[in-house]
Structure formats: structure tokens, C-alpha cells
Amino acid sequence: MTRLSQHQHNHKQHHDTPRNNTEENTRNFSWGKIFSHELLTCSDGELIDQLQSENEHIILARRINRTRDGDTVPTRLIKIKCDMPTHPTHILCLHESYSVGTFIPPPKKCSKCKQYGHWVSDSGGCRRNWRCDRCGGSHDSGHSCEAELHCSSCNQAGHGSNDRDCPKYLKKRDCRIKLRKKCFIPQC
Ligand SMILES: [Zn+2]
Ligand SMILES: [Zn+2]
Ligand SMILES: [Zn+2]
């Protein structure tokens with residue numbers, strides 16, 4: 001092993017060590033993703049049934065939906081959880097082989113105030129006001145809002161806070177991808 005690869009090896013081990021050191025050093029699951037047009041009309045229940053019938057290591061499958069202008073739109077992207085430390089490179093679906101990419105979880109974002117960096121379920125909860133997904137107003141998103149689009153995450157008009165083209169979302173997502181590659185980004 002060269003000095004550089006030894007360094008990377010140590011670096012990797014450091015990052016992969018769970019905080020709770022009673023846990024095993026390796027995760028026994030992994031998240032992957034596939035793109036499928038054929039499965040676009042399937043429910044989550046049908047997805048998991050289909051994928052599990054053809055692949056023994058899949059324990060969960062869920063479609064990723066996007067929100068556009070306040071509407072939820074299904075995408076071709078399906079995330080899969082596998083009961084092994086590294087997801088397979090290919091899985092079978094409807095007798096076709098699909099290549100599996102690594103699923104990067106979305107950035108941490110509060111479902112109450114719509115700000116990044118915390119969950120509403122964090123200890124102590126979120127003490128900020130509710131913010132509407134659509135208009136950013138101080139009301140929850142439970143009722144259908146007809147107000148003009150205004151994103152409370154980046155404070156810009158023209159899109160809601162769930163829009164995947166939100167500049168703040170894109171910046172946070174890039175940070176997550178870089179973190180996956182083990183770069184240190186202090187501002188993330
Ligand atoms: Zn919050
Ligand atoms: Zn609203
Ligand atoms: Zn935004």
C-alpha cells in the first residue's frame with residue numbers, strides 16, 4: 001500500500017466509524033438508486049413487491065417525488081435499500097438489468113420552518129414559525145395555498161421551498177456530494 005492510499009484508507013476508516021462505538025464498524029445496509037420509466041405508474045407497495053421478487057438483497061424501495069409549483073410529481077428515480085454494506089452494481093426488474101447508482105440522501109431540512117441544517121424532530125424540536133411550502137407565509141402547508149410562490153429557504157420568489165431547482169437546495173446537495181467524496185467543506 002502506498003503512503004497516499006494508506007492515508008486515504010485511514011481517512012475513510014475515520015469517517016465511517018459510527019459515533020456509537022458499540023455498533024459494528026461496518027454498516028450492514030446501503031442505499032442505491034435506479035431510474036425506471038417502466039415502473040413510473042407503480043405504487044411503492046408494487047415497487048417493493050416487484051423488486052423483491054427478483055432480487056434477494058432489497059429490503060426497501062421508494063419512489064422519489066418532486067414538488068413543482070406546489071404539485072407533487074413522481075419521478076423515474078427509485079431509491080432502494082439493500083441488506084449489504086455495498087449495493088449491487090445491477091439489479092433485475094421485469095427481467096431487465098438496471099444499473100444501480102449510489103443514492104445520496106437529501107440535505108437535512110426542517111419540515112416546519114423549511115430551513116436547512118436541522119430536522120423538526122431534533123431534540124428540543126424547532127421553535128421557529130411554520131412556513132408554507134408554497135408561499136413561505138407563516139402557516140403550515142396542510143391546506144391548499146393559492147398565494148404567489150415564494151421560497152422561504154432562499155427567500156426568493158418564483159418557486160416554492162420544495163423546488164429542486166432552489167439555489168439553496170442545489171448548494172446544499174453539492175455539499176453532500178462532496179462530503180460523500182470525503183472532502184472537508186467547513187461551510188456545509
Ligand atoms: Zn425548523
Ligand atoms: Zn402559503
Ligand atoms: Zn429557494
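Here full-length UniProt numbering is used: position 84 in the sequence shown is 84, and no number is missing along the way.
All residues carry an ideal CB built from backbone N, CA and C; glycine is no exception.
From a predicted model like this one, the values you see are computed outputs, not experimental measurements.
- Shown here, Leu77 sits in a strand according to DSSP, grouped into three states.
- In this structure, the CA atom of Ser36 is about 7 Å from the CA atom of Leu77.
- If you measure from each CB to the nearest heavy atom of ligand 3, the residues under 5 Å come out as Cys151, Ser153, Cys154, Cys166.
- Taking 8 Å as the cut-off, the C-beta of Cys175 does not count as close to any heavy atom of ligand 2.
- Listed by position in the chain, the residues whose beta carbon lies within less than 5 Å of some heavy atom of ligand 2 are Cys132, Arg134, Cys135, Gly137, Cys145, Ala147.
- Taking C-beta atoms as the reference points, Lys109 and Trp31 fail to come closer than 9 Å.
- Contact between the stretch 126 to 134 and the stretch 109 to 118 is present: three or more C-beta pairs spanning the two stretches fall below 8 Å.
- Ranked by Cα distance from Phe29, the first of Leu170, Pro85, His150 is Pro85.
- Ser161 and Ser153 have their C-alpha atoms roughly 6 Å apart.
- Below 8 Å, too few C-beta pairs join the stretch 100 to 109 and the stretch 36 to 51 to call them touching: fewer than three.
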